[in-house]
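Counting from 6, one number per residue, gives the positions in the sequence shown under the working numbering.
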Amino acid sequence: MIADVSEPWPGPRTREYLSLSERYEPRCMTQQAPVVWERAEGVVVWDVDGNRYIDFTSGVLVTNVGHSHPKHVRAVQKAAARLMNCYDFPTPARVKLAERLVEMTPENLDKAFLLTTGSEATEAAMRVAKRYTGRHEIISFYGGFHGRTYGAMSMAGKMGTKKGFGPTMPGVIFAPYPYCYRCPFEKELETCGLFCLEFLDKVVEAESTGDIAALIVEPYQGGAGFIFPPDGYLKRLEEWARGKDVLFILDEVQSSFGRTGRTFALEWEDLRPNLLCLGKGLGSGVPTSALLGESRLFEPLAPGEMSSTTGGNPLSASAALAVLDIIAEEGLAQNALRVGKLLMDGFLRLKEEVEVLGDVRGRGLVMGLEFVRNRRTKEPAPDLTWEVVLRLCRSGVLVGRVGLYGNVIRIAPPLVVTEEQAEEALGIFSKVLREL
Numbered sequence: 006m007i008a009d010v011s012e013p014w015p016g017p018r019t020r021e022y023l024s025l026s027e028r029y030e031p032r033c034m035t036q037q038a039p040v041v042w043e044r045a046e047g048v049v050v051w052d053v054d055g056n057r058y059i060d061f062t063s064g065v066l067v068t069n070v071g072h073s074h075p076k077h078v079r080a081v082q083k084a085a086a087r088l089m090n091c092y093d094f095p096t097p098a099r100v101k102l103a104e105r106l107v108e109m110t111p112e113n114l115d116k117a118f119l120l121t122t123g124s125e126a127t128e129a130a131m132r133v134a135k136r137y138t139g140r141h142e143i144i145s146f147y148g149g150f151h152g153r154t155y156g157a158m159s160m161a162g163k164m165g166t167k168k169g170f171g172p173t174m175p176g177v178i179f180a181p182y183p184y185c186y187r188c189p190f191e192k193e194l195e196t197c198g199l200f201c202l203e204f205l206d207k208v209v210e211a212e213s214t215g216d217i218a219a220l221i222v223e224p225y226q227g228g229a230g231f232i233f234p235p236d237g238y239l240k241r242l243e244e245w246a247r248g249k250d251v252l253f254i255l256d257e258v259q260s261s262f263g264r265t266g267r268t269f270a271l272e273w274e275d276l277r278p279n280l281l282c283l284g285k286g287l288g289s290g291v292p293t294s295a296l297l298g299e300s301r302l303f304e305p306l307a308p309g310e311m312s313s314t315t316g317g318n319p320l321s322a323s324a325a326l327a328v329l330d331i332i333a334e335e336g337l338a339q340n341a342l343r344v345g346k347l348l349m350d351g352f353l354r355l356k357e358e359v360e361v362l363g364d365v366r367g368r369g370l371v372m373g374l375e376f377v378r379n380r381r382t383k384e385p386a387p388d389l390t391w392e393v394v395l396r397l398c399r400s401g402v403l404v405g406r407v408g409l410y411g412n413v414i415r416i417a418p419p420l421v422v423t424e425e426q427a428e429e430a431l432g433i434f435s436k437v438l439r440e441l
């Protein structure tokens with residue numbers, strides 16, 4: 006058994022560090038349960054009071070290969086001892102990583118621009134698209150999240166991301182994303198004919214000046230509550246973009262590197278984006294991101310015109326190369342499918358028993374559990390959701406709360422999680438939810 010949490014909770018050392026955090030850090034830095042991490046290994050996290058938890062967060066879908074994987078750690082240590090930074094001078098690790106990424110993505114993506122954060126990747130995608138096309142409008146989606154920098158924030162379809170910052174970047178057009186559990190058109194999936202996709206034409210007709218550079222979309226919307234579109238939607242969306250001569254940008258910052266049971270989520274529908282944003286799991290804890298794109302799109306940019314101070318640095322590139330090896334050697338995408346099915350089956354059984362668990366959705370090892378006050382009205386239950394988060398953490402399973410209404414629990418363990426560990430976590434979920 007992994008989970009082992011003692012009372013009082015939070016413990017004394019945790020309370021001490023939380024007090025220091027409140028004193029010296031802005032409150033915007035954190036929104037998690039009161040757990041102060043000290044160390045972690047695989048899917049196991051220890052806090053500063055010695056309590057032990059099963060990690061079902063992966064540090065916001067980051068640590069795909071698990072915490073402190075030995076091969077990953079050795080790669081970081083070796084790189085740090087040799088060379089930490091060289092700005093934009095090429096290094097063997099940087100060039101090899103670019104080569105690996107190009108080789109493993111769709112064949113039309115023949116350039117890899119290495120960066121540091123997901124926000125940096127989506128910002129770069131937007132800038133490349135605008136520069137290449139000479140147009141300024143970007144289509145994004147209700148509920149979308151593409152980062153917290155100003156341009157990325159402007160493409161967010163969530164008010165909370167943009168509130169209080171004044172006018173955002175002009176030219177962003179928002180369209181409905183298929184949130185089938187809460188369809189804004191009050192239609193049923195079986196008979197709607199993907200009406201939200203048809204409605205996109207209405208949106209463009211009303212809001213565009215005919216100057217659309219690109220469309221950016223996530224394979225599933227994480228921040229909005231792990232909302233997965235119906236099968237076939239993304240392929241038809243890609244075809245729509247092609248037909249309108251609009252660049253198709255796929256934001257796979259959190260969905261890539263085995264998370265959904267495929268190396269990239271685009272594989273589920275054989276997508277061929279013009280630009281592909283990667284991050285999070287690529288570094289598995291070491292800040293690393295990348296923008297993959299067609300070489301023609303980068304041609305208008307002169308040498309040195311777009312670069313990154315730490316993008317592709319030797320340490321990050323070496324760490325990412327180790328991550329790619331681990332995912333392939335240990336079959337982590339396949340493990341995500343296998344253990345993900347076990348978890349999904351378990352959560353669906355719980356849904357039949359727990360009235361407040363309104364919806365369960367996901368793919369591979371990424372899922373959302375949506376909590377409601379009433380199954381019929383689907384009234385969101387954010388306070389109850391937070392209570393569930395705290396009870397789970399107190400019982401030894403670390404989870405986070407997300408969603409447009411703050412009523413979705415994110416399920417995203419490291420991809421190294423075993424069936425035995427998943428069964429233990431399900432048992433804790435079952436106990437907590439049945440006691441509500």
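Glycine is no exception: its CB is placed at the ideal position from the N, C-alpha and C atoms.
Residues that Ser-294 bridges to, as DSSP identifies them: Ser-294 pairs with Leu-120.
8 Å contact criterion, which Val-2 and Arg-18 should meet: CB distance rounded: This structure does not reach residue 2, given that the chain is present from 6 up to 441, and the question cannot be answered.
Candidates Val-81, Val-50, Val-65 and Ile-433, of which the one nearest Gly-123 by Cα: Restricting attention to Val-81, Val-50, Val-65 and Ile-433, the CA atom closest to the CA of Gly-123 is found in Val-65.
Cβ-based burial, Gln-259 [other Cβ within 10 Å; buried from 16]: buried
Nearest-angstrom Cβ-Cβ length linking Leu-347 and Val-365, presumed shorter than 8 Å: Their Cβ separation, rounded to whole angstroms, is 13 Å, which puts Leu-347 and Val-365 out of contact at 8 Å.
CB of Cys-185 within 8 Å of CB of Leu-199, strictly: No, the pair does not count as a contact, with Cβ atoms beyond the cut-off.
For Ala-440, the nearest candidate out of Glu-360, Thr-96 and Gly-284 (CA to CA): The question names Ala, yet the displayed sequence has Glu at residue 440. Cα-wise, what sits closest to Glu-440 is Glu-360.
Reference Val-133; option with closest CA among Pro-111, Gly-156 and Ala-325: Gly-156
Straight-line Cα distance separating Cys-91 from Pro-235: 45 Å
Contacts around Ala-252, its chain only, beta-carbon distance under 6 Å, and the 5 residues preceding and following it disregarded: Looking at the sequence itself, residue 252 is Leu, so the reference to Ala does not match. Excluding sequence neighbours, Leu-252 sits near Ala-134, Ala-219 and Asn-279.
Minimum C-alpha distance to Leu-239 - residue among Gly-215, Val-209 and Ala-270: Ala-270
Sequence-distant residues of the same chain with beta carbon closer than 7 Å to Ser-63, five excluded per side: Asn-69, Ala-417, Pro-418 and Pro-419
Selected residue, minimal CA-CA separation from Trp-14, among Asn-412, Arg-396 and Gly-411: Arg-396
Alpha helix (DSSP H) segment containing Met-372, residue limits: Met-372 -> not in any alpha helix (DSSP H); beta strand (DSSP E) instead, spanning 371-376.
Close-in-space but distant-in-sequence residues of the same chain around Pro-292 (CB under 7 Å, 5 per side omitted): Thr-121, Thr-122 and Ser-321
Between the CA atoms of Arg-343 and Ala-38 - distance to the nearest angstrom: 29 Å
Residues near Ile-332 in its chain [Cβ-Cβ closer than 8 Å; skip 5 each side]: Asn-69, Val-70, Phe-262, Gly-263, Thr-268, Ala-338 and Leu-420
Three-state secondary structure (DSSP) of Val-48: In this structure, Val-48 counts as coil in the three-state DSSP scheme.
DSSP bridge partner residues for Glu-299 (one or two, in chain order): Partner(s): none; Glu-299 has no beta bridge.
Pro-97 in three-state terms, based on DSSP: If DSSP states are grouped into helix, strand and coil, Pro-97 belongs with the helices.
Distance CB(Glu-429)-CB(Met-89) smaller than 8 Å: no
Nearest-angstrom beta carbon gap, Thr-154 and Glu-128 [assumed within contact, 8 Å]: So it is a contact: roughly 6 Å between Cβ atoms.
Among Gly-149, Glu-210, Phe-170 and Glu-212, the one whose alpha carbon lies nearest that of Pro-183: Gly-149
Whole-Å CB distance - Pro-181 paired with Tyr-147, under 8 Å assumed: 5 Å
Endpoints, the alpha helix (DSSP H) within which Cys-398 is located: 387-400
Same chain, Cβ closer than 8 Å to Leu-403, five either side skipped, listed in chain order: If we look at Leu-403 and ignore the five residues flanking it on each side, its Cβ neighbours are Ala-38, Val-40, Val-50, Tyr-58, Ile-59, Asp-60, Phe-61, Thr-62 and Leu-397.
Endpoints, beta strand (DSSP E) assigned at Ser-145: 142-146
For Ile-416, the first and last residue of its enclosing alpha helix (DSSP H): Run containing Ile-416: none in the alpha helix (DSSP H); it sits in the beta strand (DSSP E), 413-416.
Beta-carbon proximity list for Lys-163, same chain, < 8 Å, skipping 5 on both sides: Gly-148, Gly-149, Phe-150, Gly-228, Ala-229 and Leu-409
Cutoff 8 Å; reference Asp-330; Cβ partners in own chain excluding five residues on either side: Lys-76
Where Glu-425 falls: helix, strand or coil (DSSP): helix
Minimum C-alpha distance to Phe-233 - residue among Ser-26, Leu-374 and Gly-316: Leu-374
Contact set for Ala-341: own chain, Cβ-Cβ below 8 Å, skip 5 residues either direction: Gly-263, Arg-264, Thr-265, Gly-266, Gly-369, Leu-370 and Leu-420
Residues near Pro-224 by beta carbon distance below 6 Å, same chain, minus five either side: Ser-260 and Ala-270
Helix, strand or coil at Arg-406 according to DSSP, with G and I counted as helix: strand
Beta carbon of Ile-178 nearer than 8 Å to that of Glu-212: yes
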